[in-house]
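Trainee: Residue numbers (our numbering): 65 to 182.
1. Run through DSSP, which three-state label would residue 157 get?
2. Does the ligand SAH have even one heavy atom less than 7 Å from the beta-carbon of residue 147?
3. Between the C-alpha atoms of residue 97 and residue 154, what's the straight-line distance to the nearest angstrom?
4. Measure the C-alpha to C-alpha separation of residue 157 and residue 126 and round it to an integer number of angstroms.
5. Using the C-alpha atoms, what's the distance from residue 152 back to residue 111?
6. How should residue 120 be labelled, buried or exposed, when 16 other C-beta atoms within 10 angstroms of its C-beta is the threshold for buried?
7. Out of curiosity, what's the CA-to-CA distance linking residue 123 and residue 147?
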């Protein structure tokens, strides 16, 4: 990785996430240096049922939304890559929420990387 790359919490311990009527925030208002970044998000799911939407936010505004799908079998992997332009002082957040009926998930690992693109 280059000197300008950032990794935020590359690995979290596995824990159940109850997304019924709410959302779980993994990064909340992390300040990012200005520049064009490739955002790479990877989720390693286990025992997922009814998983809803995941949102990447810049200063609390959604810039990318994707769905992990429903009823994943064990060891499902979901990866999102998106180019994002950040201005100085902007902050990034990542949330996992439920877009419909309640559901739970166990996240074995979650990675979030920002790669500076010249």
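Every residue, glycine too, gets a C-beta built ideally from N, C-alpha and C. Note that the structure is predicted; figures quoted are calculated from it, not measured.
Mentor: Reading off the structure:
1. The residue you call residue 157 lines up with position 93 of the chain shown. In the structure shown, residue 157 sits in a strand (DSSP, three-state: E or B).
2. Ligands are entirely absent from the displayed structure, and the ligand SAH is therefore not among its contents.
3. Locating residue 97 in the chain shown gives position 33, where the first residue counts as 1. Locating residue 154 in the chain shown gives position 90, where the first residue counts as 1. Taking the straight line from one Cα to the other gives about 8 Å.
4. Here residue 157 is taken as the residue at index 93 of the chain shown, counted from 1. Here residue 126 is taken as the residue at index 62 of the chain shown, counted from 1. Rounded to whole angstroms, residue 157 to residue 126 spans 9 Å at the Cα level.
5. Along the chain shown, one-based indexing puts residue 111 at 47. Along the chain shown, one-based indexing puts residue 152 at 88. The predicted position of residue 111 is uncertain, since its pLDDT is 49 and thus under 50; a value taken from the coordinates is nonetheless stated next. Each residue's alpha carbon lies about 39 Å from the other.
6. In the chain shown, counting from the first residue as 1, residue 120 sits at position 56. The residue in question, residue 120, is buried, as its Cβ has 16 or more Cβ neighbours within 10 Å.
7. Counted from its first residue, the chain shown places residue 123 at position 59. Counted from its first residue, the chain shown places residue 147 at position 83. For residue 123 and residue 147, the distance between alpha carbons rounds to 16 Å.
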